[in-house]
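Engineer:
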Amino acid sequence: SGLQANMASRADQMAANLSLANFGQATELKKRIWFTIGALIVFRFLSFVPLPGVDPVALSNLYSTAASGGVLDIFNTFSGGSLERMSIIALGVMPYITASIVVQLASALSPSLAAMKKEGESGRKKLNQYTRYGTVGLTAIQGYFLAVGLETLGASQNIAAVVDPGMFFRIGAVISIIGGTLFLMWLGEQITSRGIGNGVSLIIMIGIVARLPHALLAELNARVSVSTGSLIMVIVELVLLFVVF
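Numbering (the numbering used here), first residue to last: 526 to 770.
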């Protein structure tokens, strides 16, 4: 009887906690979930918007023959396939991540930045502003070399990935890439404040998840086509991939 009374009192306590405020919190949670999903859908749509002046068909053919299986595949995975399609978010949020790391290391080494970090909210805003400036600079440099590389890509095969190469194309590409990266940075901040979880981390995760099935199938087909014994290597790679994640 004592156990039943205890259970009844707990049930009454749980019923008392079901107030309108909790229902309001559940509604807020739903809004945050839908906002996060919508923002990530926008990110995936942007990965299919190509840079102005790029021939998507020629670029796809060149990437499948020249860049597949190399280091570019790793960056392509982190960008959710945006690099392969050379979209306006080809660099993803990686310049922002790099700038954040540089600012964090600089704040640990520089006395002035360390003092700024201890100022609280105002110091954090200043460091975030430095991070944004660094993101613009890194994106401009990487975007320029990316545009130059696009112009020379496929020259040996007489395939032009850029319709009209030149300085005009490079400037347009750099501006577009800077805009795309800054938009992703802003979108990540919006997810963090109005959605669920860390926005930048979610953008990176969705990019990896979107490319993971394609990458696994391509690796499996490549291993199986070589020899049956390569299936052991596939299993080893899957285990290592799981450990890394």
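Note that beta-carbon positions come from the ideal geometry of N, C-alpha and C, so glycine has one too.
#1: Secondary structure at serine 612, three-state DSSP: helix, strand or coil?
#2: If you measure between the beta carbons of glycine 724 and isoleucine 733, is that distance less than 9 Å?
#3: Whole alpha helix (DSSP H) runs in the segment 615-666 with 4 or more residues, listed along the chain?
#4: Pick helix, strand or coil for alanine 583, following the three-state DSSP scheme.
#5: Indicate the three-state DSSP secondary structure (helix, strand or coil) for alanine 530 in the structure shown.
#6: Name the DSSP bridge partner or partners of proline 575?
#7: Please classify glutamine 629 as buried or exposed, where buried requires at least 16 other C-beta atoms within 10 Å of its C-beta.
#8: Ordered along the chain, which non-local residues of its own chain (more than five positions away) have a Cβ less than 6 Å from that of tyrosine 655?
#9: Taking C-beta to C-beta, are alanine 470 and glycine 705 nearer than 9 Å?
#10: For valine 687, which beta-bridge partners are listed by DSSP?
#11: What does the Cβ neighbour count give for arginine 719, buried or exposed, with the cut at 16 atoms within 10 Å?
#12: Determine whether the beta carbon atoms of serine 612 and leucine 663 lie at a separation below 9 Å.
#13: Does the contact criterion of 3 or more C-beta pairs under 8 Å hold for the segment 692-708 versus the segment 665-674?
#14: Three-state secondary structure (DSSP) at glycine 697?
#15: Of the residues Gly659, Ile728 and Glu644, which one's Cα is nearest the Cα of alanine 624?
#16: Would you say leucine 675 and valine 661 are within 9 Å of each other, going by their C-beta atoms?
#17: Leaving out five residues on either side along the sequence, give the residues of the same chain with a beta carbon under 6 Å from the beta carbon of isoleucine 760.
#18: Could you spell out where the alpha helix (DSSP H) holding isoleucine 757 opens and where it closes?
#19: For the candidate residues Arg657, Val699 and Leu652, whose alpha-carbon lies nearest to that of valine 673?
#20: Could you tell me the distance, in whole angstroms, from the CA atom of isoleucine 622 to the CA atom of methionine 710?
#21: Whole angstroms is fine: what's the gap from valine 768's alpha carbon to arginine 569's?
#22: Which same chain residues end up closer than 6 Å to proline 690 when comparing Cβ atoms and leaving out the 5 residues on each side of it in sequence?
#23: Are there 16 or more other CB atoms within 10 angstroms of the CB of serine 647, so buried, or fewer, so exposed?
Structural biologist: In terms of the structure at hand:
#1: DSSP places serine 612 in strand when its eight states are reduced to three.
#2: Contact flag unset, no.
#3: Complete alpha helix (DSSP H) runs here, min 4: 619-634 and 636-642.
#4: In this structure, alanine 583 counts as helix in the three-state DSSP scheme.
#5: Residue confidence is low: alanine 530 scores 48 on pLDDT, short of 50, so the model does not pin down where it sits. Its coordinate-derived value is still stated next. Note: alanine 530 maps to helix in three-state DSSP.
#6: Beta-bridge pairing by DSSP links proline 575 to Ser612.
#7: By the neighbour-count rule (16 or more Cβ atoms within 10 Å), glutamine 629 is not buried but exposed.
#8: The answer, listed in chain order, is Val628.
#9: Since the first residue of the chain shown is 526 and the last is 770, residue 470 is not available in this structure.
#10: For valine 687, the beta-bridge partners assigned by DSSP are Val579.
#11: Residue environment: arginine 719 is assigned as exposed (fewer than 16 neighbouring CB atoms within 10 Å of its CB, all protein chains considered).
#12: Result no, Cβ atoms of serine 612 and leucine 663 do not sit closer than 9 Å.
#13: Judged by Cβ distances under 8 Å, the segment 692-708 makes contact with the segment 665-674, as three or more pairs qualify.
#14: Here glycine 697 sits in helix by DSSP.
#15: Measuring from the Cα of alanine 624, the nearest candidate turns out to be Gly659.
#16: Leucine 675 places its beta carbon 9 Å or farther from that of valine 661.
#17: None.
#18: First-last of the alpha helix (DSSP H) with isoleucine 757: 756-769.
#19: Minimum Cα distance to valine 673 is reached at Val699.
#20: Isoleucine 622 and methionine 710: Cα-Cα distance of roughly 10 Å.
#21: Rounded to whole angstroms, valine 768 to arginine 569 spans 26 Å at the Cα level.
#22: Excluding residues within five positions, the ones whose Cβ falls inside 6 Å are Glu676.
#23: Burial check for serine 647: the Cβ neighbour count within 10 Å stays below 16, so the residue is exposed.
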